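Numbering (the numbering used here), first residue to last: -19 to 200. The C-beta atom is built at its ideal place from N, Cα and C for all residues, glycine as well. From a predicted model like this one, the values you see are computed outputs, not experimental measurements. Everything on this sheet refers to the single structure shown next.
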């Protein structure tokens, strides 16, 4: 667990003690194709508007020949899961970031955006701190865990309209689409809700078949 008042050494140690980064390490061992296969076996579904299996969403973006792809974590306060998201974002930000890295690795994306509304200032502070710690620990950035894979996450705080787009005033800012697959800056983008991304590290750590037997509840 991490909060803005917890020393980073304790936050890192706590996360690793709870099995943090085990899913990501296994993902790197398996390779992107087998990671997507594990997610398919898990039966994990997204809730970003369509309820499609996450494996279909990921495979669609992975199959694109586009030079750039993105992962968007949607913590919009207006989403159906937002009430639960608030607490989890503050309790377990490292697991969310790990899920975004795994998703990026699986589809060939190297940048992720985490979208929060302005009504979530404490969550934004915790996530911002966690991103900095993750970069320092080698969990984000270049050559993550000496895997050769590069991925970084940027936090975006906005007003909450439901469309993923560039804004005329801030080129790098956007608000998420309710669609599970969309385009950000003209490139294929996976849009996943927070519960889905939080489940991803567990899917990889225990295996897709095992996750399917116990379901998403085991990852919360």
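Item: Out of 108, 121 and 118, point me to the one whose CA is closest to residue 135's CA.; Value: 108
Item: Tell me the DSSP bridge mates of residue 167?; Value: 164
Item: Closer than 6 Å by C-beta to residue 75: which residues in its own chain qualify, once you throw out the five before and the five after it? Chain order, please.; Value: 178 and 181
Item: I believe residue 0 touches residue 51 by the beta-carbon criterion, under 8 Å. Please report the beta-carbon distance rounded to the nearest angstrom.; Value: So it is not a contact: roughly 19 Å between Cβ atoms.
Item: One question on the structure: do residue 38 and residue 86 come within less than 7 Å of each other, judged by their Cβ atoms?; Value: yes
Item: So who's on the other strand from residue 33, going by DSSP bridges?; Value: 25
Item: Classify residue 1 as helix, strand or coil using the three-state DSSP reduction.; Value: coil
Item: Confirm the yes/no value for this check: CB of residue 97, any heavy atom of the ligand HEM, distance under 6 Å.; Value: In terms of ligand content, the structure shown is empty, and the ligand HEM therefore cannot be addressed.
Item: Are there 16 or more other CB atoms within 10 angstroms of the CB of residue 147, so buried, or fewer, so exposed?; Value: Because residue 147 carries a pLDDT of 40, less than 50, the predicted location of this residue cannot be relied on, and the following value inherits that uncertainty. Classification of residue 147: exposed, given that the 10 Å Cβ count is below 16.
Item: Name the two residues that bound the continuous alpha helix (DSSP H) containing residue 188.; Value: 188 to 194
Item: Can you tell which of 174, 185, 45 and 188 has the C-alpha that lies nearest to the C-alpha of residue 71?; Value: 174
Item: Got a sec: is the Cβ-Cβ distance from residue 6 to anything in chain B below 7 Å?; Value: Of the chains in the structure shown, none is chain B; there is only one protein chain.
Item: Just to confirm my understanding: we take residue 44, look at its own chain, exclude 5 residues before and 5 after, and list those with CB closer than 6 Å. What are they?; Value: 168
Item: Give the single residue among 69, 81, -7 and 172 whose Cα lies nearest to the Cα of residue 12.; Value: 81
Item: Bridge partners of residue 96, per DSSP?; Value: 55 and 137
Item: Do you know offhand how far residue 126's Cα is from residue 5's?; Value: 10 Å
Item: Determine the contact status of residue 185 and residue 25, defining contact as a CB-CB distance below 7 Å.; Value: no
Item: Mapping DSSP to helix, strand and coil, what is residue 143?; Value: Only weak support is given to the placement of residue 143: the predicted model assigns it a pLDDT of 39, under 50, and the question is left unresolved by the model.
Item: State the DSSP-derived secondary structure class of residue 109, mapped to helix, strand or coil.; Value: helix
Item: Give me the DSSP bridge partner(s) of residue 91.; Value: 50 and 132
Item: Assign residue -2 to one of two classes, buried (16 or more other C-beta atoms within 10 Å of its C-beta) or exposed (fewer than that).; Value: exposed
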